[in-house]
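Peer 1:
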Amino acid sequence: MLRKTLLVTAVAAAMVASAAHAETLRWTRSADSLTMDPHSQNEGPTHSVNHQIFDTLIYQDMDVEYQPGLATEWFVHGDDPHIWVFKIREGVTFHEGQGLTADDVVFSLNRARHEHADMRGLLTSIKEVRAEDDYTVHVETHDPNPLLPNNLTNLFIMSREWAEEHGVEEPQNYAAGEETHAVRNANGTGPFRVVSREPDVRTVFERNDDYWGIDHYPMEITALIFTPIESAATRVAALLSGEVDLLQETPVQDIERLGNAPGLKNEQGAENRTIFLGMDLASAELRSADTDDNPFADRRVREAIDLAVDQGTIRTAVMRGNSEPAGMIAPPFVNGYSAELDEVVPSDMTRANELMAEAGYGDGFRVTLQCPNDRYVNDEQICQAVVSMLARIGITVDLIAQTRSLHFAELAREEYDFYMLGWGVPTMDSEYVFNYLYHTKEGDRGSWNFTGYSDERVDELTVAMGQETDEETRNEMISEAWQIVHDEIVYIPIHHQMLTWSMRDDIDFKVQSENTPHFKYLKFND
328 MLRKTLLVTA VAAAMVASAA HAETLRWTRS ADSLTMDPHS QNEGPTHSVN
378 HQIFDTLIYQ DMDVEYQPGL ATEWFVHGDD PHIWVFKIRE GVTFHEGQGL
428 TADDVVFSLN RARHEHADMR GLLTSIKEVR AEDDYTVHVE THDPNPLLPN
478 NLTNLFIMSR EWAEEHGVEE PQNYAAGEET HAVRNANGTG PFRVVSREPD
528 VRTVFERNDD YWGIDHYPME ITALIFTPIE SAATRVAALL SGEVDLLQET
578 PVQDIERLGN APGLKNEQGA ENRTIFLGMD LASAELRSAD TDDNPFADRR
628 VREAIDLAVD QGTIRTAVMR GNSEPAGMIA PPFVNGYSAE LDEVVPSDMT
678 RANELMAEAG YGDGFRVTLQ CPNDRYVNDE QICQAVVSML ARIGITVDLI
728 AQTRSLHFAE LAREEYDFYM LGWGVPTMDS EYVFNYLYHT KEGDRGSWNF
778 TGYSDERVDE LTVAMGQETD EETRNEMISE AWQIVHDEIV YIPIHHQMLT
828 WSMRDDIDFK VQSENTPHFK YLKFND
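In my numbering, the protein residues as written are 328 to 853.
Next up, the structure:
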């Protein structure tokens, strides 16, 4: 029988004493949570906020190691490989006093499978979720799924009673702009309670002294104040002046300055995120182009764009060395990563112009590029560099850079011809990338595939890699799928993002590659 059991008691004794140390932490980053509905959006800053309020069955700690959350153990049922068994932690209460039971877990997993839930792509293998008793949940899958626990690290557990009381049994329809009680209010089991919330302005949390993990984690923060600040200069000024204590995603132009500032320090590391450009490959005609056809549908045009976009120049001129040029949408620590496919093709304007002419676009064309200006490190500046590079092969790009809430809402409505996106892989496995970005957009799969790309073999491999239990066979499937989409140039990878967090020098808190600060781990040095 395959069994996975993890307990955190080994470090509990060393951490209990530190809980007596209590302090307010003021935290900033460029972007706020899109919503507090825990199943509506599968998006990094949204998860970062929700991880302070809610718990998951399993989570990834600051070392990105899998740890028990509301599940104390999980394993494949000895008599049936289609069933994962989750033992639910006893004695846990929600912030408003409701006791956690298996019924809440069943409700939450089924809610996250709803058509409006952006988390549903992680749960496509599930056939049924059922409570065997008050603290045991069985998740039955259509086929054996070795990755199911990996898919639950951002799957937050809600109170069924609270959801029914406030009419939020279904997740928010974010794309339609729906407003529900769960969008601005939250009742989790996590380390912090919400005291007040003004979206895009300020969210105040207080420590949950009834937290089930109060004796297992440092829990030194009494009050957590989150102030999203879109302007990079203003964020940096706030840290330098002492208005905030920790700045997530330090602007690259300020890394050295903040690292040398009295009383401050930087923590750095590789992020589990790749930045890339997407294109509408399938429409007969683009919305914003000055052509009566779709240039992106021609592989030669996509190859020309790939050759024109100079990732090395972006690394040096825009990112100041704080990125790794990418050839595939998966960083090195993700299963299925290929150093060969990640090798960046050198920029070649001569060949790019030849390809444009061969495709019938020797005179170029005009198109609009949609870019966020407050989501990724130097996102708008990267897009500005791309505009200049594509001009050299005759593509006139009209850049629209706007706040991420607008960018992602319009992207979800499939309104873009050409766009920037960044992708992290919380499951640490390539299946997640194919499930969301490459599988045909149908049903629960391909929910972030806004290119229109559809390949029968890639779809077959995507489904198969989520079911295959033989590691060697499974890795062969992943390798084949990556080779297909690499040859087709479905996306234009730019780089793997690097992370810098700047903070007061008396704070003991390292960068987490998922860019998700679990503040229950933060400690203050005496």
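We put the CB at the ideal spot given by N, CA and C, even for glycine.
Return the CA-CA distance between Arg614 and Glu742, expressed in angstroms with no decimal places.
Peer 2: For this step, residue 614 is matched to residue 287 along the sequence shown. For this step, residue 742 is matched to residue 415 along the sequence shown. If I take the Cα positions, the gap works out to 8 Å.
Peer 1: Let me check one thing: in DSSP terms, what residues is Leu551 bridge-paired to?
Peer 2: Working through the sequence shown from its first residue, we reach residue 551 at position 224. BP columns for Leu551 point to Leu352, Phe532.
Peer 1: Consider the Cβ of Arg524: report whether some Cβ of chain D lies at a distance smaller than 9 Å.
Peer 2: Absent from the structure is chain D; it holds one protein chain and no more.
Peer 1: Verify whether the separation of the beta carbon atoms of Leu585 and Val571 is less than 9 Å.
Peer 2: Counting from one through the sequence shown, the residue named residue 585 turns up at place 258. Counting from one through the sequence shown, the residue named residue 571 turns up at place 244. Going by C-beta atoms, Leu585 is not nearer than 9 Å to Val571.
Peer 1: Note down, one range per segment and in chain order, each beta strand (DSSP E) of at least 3 residues found wholly within the stretch 399 to 462.
Peer 2: Secondary structure within the stretch 399 to 462: the beta strand (DSSP E) runs of 3 or more consecutive residues, fully enclosed, are 410 to 415, 453 to 460 (chain order).
Peer 1: Taking the C-alpha atoms as reference points, what is the distance between Gly448 and Gly773?
Peer 2: As a first step, residue 448 must be located in the sequence shown, where it is residue number 121. As a first step, residue 773 must be located in the sequence shown, where it is residue number 446. If you take the alpha carbons of Gly448 and Gly773, they lie about 8 Å apart.
Peer 1: Spatial neighbours of Gln708 within its chain, please: CB distance less than 8 Å, with the 5 preceding and 5 following residues excluded, ordered by chain position.
Peer 2: Taking the sequence shown and counting its residues from 1, the one referred to as residue 708 is at position 381. Answer for Gln708: Val645, listed in chain order.
Peer 1: State the CB to CB distance for the pair Ala657 and Tyr664, rounded to an integer number of angstroms; the pair is presumed to be in contact (CB under 8 Å).
Peer 2: Locating residue 657 in the sequence shown gives position 330, where the first residue counts as 1. Locating residue 664 in the sequence shown gives position 337, where the first residue counts as 1. Their Cβ separation, rounded to whole angstroms, is 5 Å, which keeps Ala657 and Tyr664 in contact under 8 Å.
Peer 1: Got a sec? Which residues, its chain only, sit under 8 Å from Thr355 by beta carbon, not counting five neighbours each side?
Peer 2: For this step, residue 355 is matched to residue 28 along the sequence shown. Closer than 8 Å at the Cβ level, and outside the excluded window around Thr355, lie Phe553, Thr554, Pro555, Ile556, Arg562, Ala565, Leu566, Val571, Leu573, Leu574, Gln575.
Peer 1: What residues in its chain sit with their C-beta under 6 Å from that of Ser375, if we drop five residues either side in the sequence?
Peer 2: What you label residue 375 is simply residue 48 of the sequence shown in a count that begins at 1. Cβ within range, chain order: Thr843.
Peer 1: If you draw a straight line from the alpha carbon of Tyr462 to that of Phe421, how long is it in whole angstroms?
Peer 2: Within the sequence shown, residue 462 is the residue found at index 135, counting from 1. Within the sequence shown, residue 421 is the residue found at index 94, counting from 1. Taking the straight line from one Cα to the other gives about 15 Å.
Peer 1: Return the first residue and the last residue of the beta strand (DSSP E) that Met716 is part of.
Peer 2: Your numbering for residue 716 matches position 389 in the sequence shown. It is not in any beta strand (DSSP E) - Met716 instead sits in the alpha helix (DSSP H) that spans 706 to 718.
Peer 1: To the nearest angstrom, how far is the alpha carbon of Asn472 from that of Val714?
Peer 2: Working through the sequence shown from its first residue, we reach residue 472 at position 145. Working through the sequence shown from its first residue, we reach residue 714 at position 387. Cα to Cα, Asn472 sits roughly 43 Å from Val714.
Peer 1: Looking at the strands, I want to know which residues DSSP matches up with Tyr780.
Peer 2: By 1-based counting over the sequence shown, the position of residue 780 is 453. DSSP, once it has assigned bridges, lists no residue as partnering Tyr780.
Peer 1: Looking only at its chain, what residues have a beta carbon closer than 6 Å to the beta carbon of Arg457, apart from the 5 residues adjacent to it on each side?
Peer 2: Along the sequence shown, one-based indexing puts residue 457 at 130. If we look at Arg457 and ignore the five residues flanking it on each side, its Cβ neighbours are His465.
Peer 1: If we require 4 or more residues per run, which alpha helix (DSSP H) segments fall completely within the stretch 481 to 527?
Peer 2: 487 to 492, 508 to 511
Peer 1: So is Asp445 buried or exposed if we call it buried at 16+ other beta carbons inside 10 Å?
Peer 2: Reading the sequence shown from its first residue, position 118 is the one you call residue 445. The residue in question, Asp445, is buried, as its Cβ has 16 or more Cβ neighbours within 10 Å.
Peer 1: Along the chain, where does the alpha helix (DSSP H) that runs through Phe735 open and close?
Peer 2: By one-based count along the sequence shown, residue 735 stands at place 408. Taken as a continuous stretch (DSSP letters only), the alpha helix (DSSP H) holding Phe735 covers 731 to 739.
Peer 1: What does the alpha-carbon distance come out to for the pair Phe846 and Pro518?
Peer 2: Taking the sequence shown and counting its residues from 1, one reaches residue 846 at position 519. Taking the sequence shown and counting its residues from 1, one reaches residue 518 at position 191. Each residue's CA atom was taken as its position, placing Phe846 and Pro518 some 8 Å apart.
Peer 1: Considering only the alpha carbon of each residue, which of Ser781, Pro622, Val628, Asp364 lies closest to Leu482?
Peer 2: What you label residue 482 is simply residue 155 of the sequence shown in a count that begins at 1. That would be Asp364, whose Cα lies nearest to the Cα of Leu482.
Peer 1: Anyone know if the C-beta pair for Ser650 and Ile602 falls short of 9 Å?
Peer 2: On the sequence shown, position 323 is the one that residue 650 refers to. On the sequence shown, position 275 is the one that residue 602 refers to. Cβ atoms of Ser650 and Ile602: closer than 9 Å.
Peer 1: Whole angstroms are fine: how far does the CA of Gly540 sit from the CA of Glu547?
Peer 2: As a position in the sequence shown, residue 547 is number 220, starting the count at 1. As a position in the sequence shown, residue 540 is number 213, starting the count at 1. If I take the Cα positions, the gap works out to 12 Å.
Peer 1: Gln729: which of Leu604, Thr800, Leu384, Gln697 sits nearest, CA to CA?
Peer 2: Along the sequence shown, read from residue 1 onward, the residue named residue 729 stands at position 402. Out of Leu604, Thr800, Leu384, Gln697, Gln697 has the C-alpha closest to the C-alpha of Gln729.
Peer 1: Assign Leu608 to one of three DSSP states: helix, strand, or coil.
Peer 2: Looking up residue 608 in the sequence shown gives position 281. Three-state DSSP puts Leu608 in coil, outside helix and strand.
Peer 1: Sort Asn662, Gly751, Ser568 by Cα distance to Trp809 and report the nearest one.
Peer 2: To locate residue 809, count along the sequence shown from 1; it is residue 482. Among Asn662, Gly751, Ser568, the Cα nearest to that of Trp809 belongs to Asn662.
Peer 1: Closest to Thr677 by C-alpha separation, out of Leu634, Met655, Val694, Gly639, would be which residue?
Peer 2: Position 350 of the sequence shown holds residue 677. Distances from the alpha-carbon of Thr677 to those of Leu634, Met655, Val694, Gly639 put Leu634 closest.
Peer 1: Could you check which residue in Gln379, Ala398, Gly793, Leu450 has the C-alpha nearest to that of Ser757?
Peer 2: Residue 757 sits at position 430 when you count from the first residue of the sequence shown. For the residues Gln379, Ala398, Gly793, Leu450, the minimum Cα distance to Ser757 belongs to Gly793.
Peer 1: Measuring only the C-alpha atoms, how far is Ser367 from Gly590?
Peer 2: As a working note, residue 367 is residue 40 in the sequence shown. As a working note, residue 590 is residue 263 in the sequence shown. Taking C-alpha positions only, Ser367 is separated from Gly590 by approximately 39 Å.
Peer 1: Please classify Met342: is it buried, with 16 or more other beta-carbons within 10 angstroms of its beta-carbon, or exposed?
Peer 2: On the sequence shown, position 15 is the one that residue 342 refers to. Confidence at Met342 is low in this model, with a pLDDT of 39, below 50, so its placement is unreliable and no value can be given for it.
Peer 1: Whether or not the stretch 687 to 694 and the stretch 414 to 432 are in contact is what I'm after, with contact meaning three or more pairs of Cβ atoms, one per stretch, closer than 8 Å; do they touch?
Peer 2: Touching, no.
Peer 1: Taking only runs that begin and end inside the stretch 623 to 698, name each unbroken beta strand (DSSP E) of 3 or more residues, in chain order.
Peer 2: Every beta strand (DSSP E) stretch that sits fully inside the stretch 623 to 698 and reaches 3 residues is listed by chain position as 650 to 652.
Peer 1: Quick check: the stretch 485 to 494 against the stretch 421 to 440, are there 3 or more CB pairs under 8 Å?
Peer 2: yes
Peer 1: Exposed or buried, what is Asp431 when buried is set at 16 or more other beta-carbons lying within 10 Å of its beta-carbon?
Peer 2: Within the sequence shown, the letter at position 104 stands for residue 431. Burial call: buried.
Peer 1: By Cβ distance below 6 Å, which residues in the same chain neighbour Leu682 in space, the five residues on each side in sequence not counted?
Peer 2: Translated into positions along the sequence shown, residue 682 becomes position 355. Around Leu682: Arg627, Glu630, Ala631.
Peer 1: Below 8 Å on the Cβ atoms is my guess for Glu598 versus Leu826; work out the distance and round it to an integer in Å.
Peer 2: Position 271 of the sequence shown, counted from the first residue, corresponds to residue 598. Position 499 of the sequence shown, counted from the first residue, corresponds to residue 826. So it is a contact: roughly 4 Å between Cβ atoms.
Peer 1: What did DSSP end up calling Thr561 once you bin it into helix, strand or coil?
Peer 2: Indexing the sequence shown from 1 puts residue 561 at position 234. Helix.
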